[in-house]
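Trainee: Numbering follows the working numbering, in which position 10 of the sequence shown is assigned residue number 218; successive positions increment by one, without gaps. Dumping the structure here so I can ask a few things about it.
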Amino acid sequence: MKKIIILGANQVAGALAETLANEKNDITVVDTDAEKLQELK
C-alpha cells in the first residue's frame, strides 16, 4: 500500500483517486474549495 497525495479536486483527480483507492492505496486529496472535496466523497 502506498500513501498518495493528490493536489486539486477536479474530475481527473477524482477519477484518479478512485482508481488508486480501488488498488488499496491510502489517498489524500487536498483542495482549497471544501465543496469540491465534498463532491468527491
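Idealized CB from N, CA, C, for every residue including glycine. These numbers come from a predicted model, not from an experiment.
1. Where does Lys232 fall in DSSP's three states?
2. I need the straight-line Cα distance from Asn230 to Asp241, nearest angstrom please.
3. Please state whether DSSP places Lys244 in a helix, a strand or coil.
4. By Cβ distance, which residues of its chain are closer than 6 Å to Lys210, with the 5 residues on each side in sequence left out?
5. If we call anything under 8 Å between Cβ atoms a contact, is Lys249 one with Ala217?
Mentor: Taking the structure as given:
1. coil
2. 24 Å
3. helix
4. Asn233
5. no
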